[in-house]
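A.B. asks: I'd like to ask you about the structure that follows.
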Amino acid sequence: HKAMHDDKYNSYFIPSGTTIVGNSWTILHDTVTYTDPGRFNPERFLGVGKGSPVFNR
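Per our numbering, the sequence shown runs over residues 32 to 88.
Here it is in structure tokens:
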């Protein structure tokens with residue numbers, strides 16, 4: 032992802048063209064979305080019996 036135009040986030044200035052990297056650790060360790068996010072459980076990414084990804088919202 033890149034900033035399409037100059038922007039400001041909180042007190043940070045983000046120039047146009049800056050590469051933006053999301054914090055996937057925070058997303059994947061969200062206890063609201065995943066029960067016990069520290070436990071190895073690859074099935075959590077599949078719908079129950081459907082084989083479809085959870086991230087469809």
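Idealized CB from N, CA, C, for every residue including glycine.
(1) Would the beta-carbon of I51 fall within 8 Å of that of H32?
(2) Tell me the DSSP bridge mates of Y43?
(3) Bridge partners of T50, per DSSP?
(4) How many Å lie between E74 and D67 at the Cα?
(5) Can you tell me the Cα-Cα spacing of I45 and N54, whole angstroms?
C.D. replies: From the atom records:
(1) For the purposes of this step, residue 51 is identified with residue 20 of the sequence shown, where counting begins at 1. For the purposes of this step, residue 32 is identified with residue 1 of the sequence shown, where counting begins at 1. Yes, Cβ-Cβ distance for I51 and H32 is below 8 Å.
(2) Within the sequence shown, the letter at position 12 stands for residue 43. Answer is Y40, bridged to Y43.
(3) Along the sequence shown, one-based indexing puts residue 50 at 19. For T50, which the question treats as bridged, DSSP gives the partners K33.
(4) Position 43 of the sequence shown holds residue 74. Position 36 of the sequence shown holds residue 67. Cα to Cα, E74 sits roughly 13 Å from D67.
(5) For the purposes of this step, residue 45 is taken as the residue at position 14 of the sequence shown. For the purposes of this step, residue 54 is taken as the residue at position 23 of the sequence shown. Taking the straight line joining both Cα atoms gives about 17 Å.
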